[in-house]
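These notes are about the structure you will find just below.
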Amino acid sequence: MLSERSETHGRLIDFVRRRWERLDWQTPIPADRLIITESHYMDVESLGLSPTARQRLNRLFACFTCELFIHFERYLIEYLERNRRNITAISTASLDRFVAEEKAHSDAFLRLLCMLRPDLYSSKTTTTTGLRFLRWGLHDDLAVALSPVGSFFLLAWLFEEITLFVPVALDVKPAECAPIISEVMRLHAKEEQPHVAIDARVLHQRREDHPRTTSMAETLLMLPLLAFVDARARSAWQNVVALFETECELTAAQKHRLLHRGPSQSDRLGIQSFAAKIEKSPVALGSLLATLLRQQLPSAS
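For what it's worth, the numbering used here labels the leading residue of the sequence shown as 24, then goes sequentially.
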């Protein structure tokens, strides 16, 4: 029975990976121009960087995004694999596919990192070792171990909702985006769409199976979990800026602007979309959560 399940799992992984192998991984990412839409991140032009520095920062933006996805996919992979028995709303087959897709996403973003900055990432780098800006630690393990199911899937829904808007943000100036980066972001968003439905299903099941007070507590506990993950992302961005400063001379004002940039366009759009959906959902305290998220979202700069 175990060998049969292992064989089925192997076929599933192969099926998922074949979609990613069909992308054009052979065409190099251009070295002499912008390779990911700048406006997704901030108003870079007003920083007054040289063309060379601007292109280097642009590449680091792309690396930062890839590392974020790898790190947050790992949260999902670790959580799903550790809590199989507690996630009753998902069938074994659906859970296996969920994990297989998240692993394929992580592998694709690592492959992209090696294309973007081969001096920073090599064949020895894996999705669990060797990231430069966002390294897994004991605090990440504790976050996975201590998160209640409802809180975790609320957070997963929010992040996956943001993912859906990355292609939208990049399409503002598609000519600035290298084809392989656009293809990866598009396929990633397409495969995350069903995951959003799974998140909603898990939360619905939690509401049906547990007292409302439990669901309310899990909704509120999502907030410190979100604060923790947001702090991890800010720390990673500080590492990006520190590296950029060693590669390109920055004025104090330029460094300050970079360190204190606001949310990306996909962050803004995804949070707004999530708030609208959760407000209308039967999730306990959904309206309160939506209001708090909107209040924390800075106005566009």
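Just so you know, even glycine gets a beta-carbon here, dropped at the ideal spot from N, CA and C.
Here the structure is a predicted model, which is why all the values come from computation and not from measurement.
query, result
"Beta-carbon separation of residue 154 and residue 58 under 9 Å?", "no"
"For the region 170-177 against the region 93-110, do three or more pairs of beta-carbon atoms, one drawn from each stretch, fall closer than 8 Å, so that the two count as touching?", "yes"
"Can you look up residue 97 in the DSSP assignment and give me helix, strand or coil?", "helix"
"Of all the options 222, 306 and 207, which has the alpha carbon lying nearest to the alpha carbon of residue 189?", "207"
"In the structure shown, what three-state DSSP assignment does residue 239 receive?", "helix"
"Could you give the residue range of the alpha helix (DSSP H) that holds residue 56?", "Unbroken run through residue 56: none, as it is neither H nor E."
"Under the assumption that residue 84 contacts residue 98 (Cβ atoms under 8 Å), give the Cβ distance between them as a whole number of angstroms.", "Not really, about 22 Å apart at Cβ, beyond 8 Å."
"With 16 other CB atoms within 10 Å as the buried threshold, where does residue 66 fall?", "exposed"
"Note the first and the last residue of the continuous alpha helix (DSSP H) segment covering residue 151.", "Note, residue 151: premise wrong, no alpha helix (DSSP H); not H, not E."
"Thinking C-alpha only, which one of 274, 201 and 211 is nearest residue 347?", "Residue coverage of the chain in this structure runs from 24 to 324, which leaves residue 347 outside it and unanswerable."
"For a quick check, are the C-beta atoms of residue 112 and residue 229 less than 9 Å apart?", "yes"
"With residue 218 and residue 183 assumed to form a contact (beta carbons below 8 Å), what rounded beta-carbon distance in angstroms separates them?", "5 Å"
"Pairing CB atoms from the region 241-256 with CB atoms from the region 156-173, are three or more of them under 8 Å?", "yes"
"In whole angstroms, give me the CA-to-CA distance for residue 261 and residue 282.", "6 Å"
"Just checking, does the region 112-121 make contact with the region 41-54 on the three C-beta pairs under 8 Å criterion?", "no"
"Helix, strand or coil, according to DSSP, for residue 75 in the structure here?", "helix"
"What is the C-beta distance between residue 127 and residue 39, in whole angstroms, given that I count them as a contact (C-beta under 8 Å)?", "5 Å"
"For the alpha helix (DSSP H) holding residue 137, just list the boundary residues, first then last.", "115-139"
"In whole angstroms, give me the CA-to-CA distance for residue 292 and residue 253.", "16 Å"
"Is it the case that the region 263-278 contacts the region 68-86, given that we only count it when at least three CB pairs across the two stretches are under 8 Å?", "yes"
"Closest to residue 16 by CA distance: which of 43, 37, 60 and 41 is it?", "Any question about residue 16 goes unanswered here, given that the chain covers just 24 to 324."
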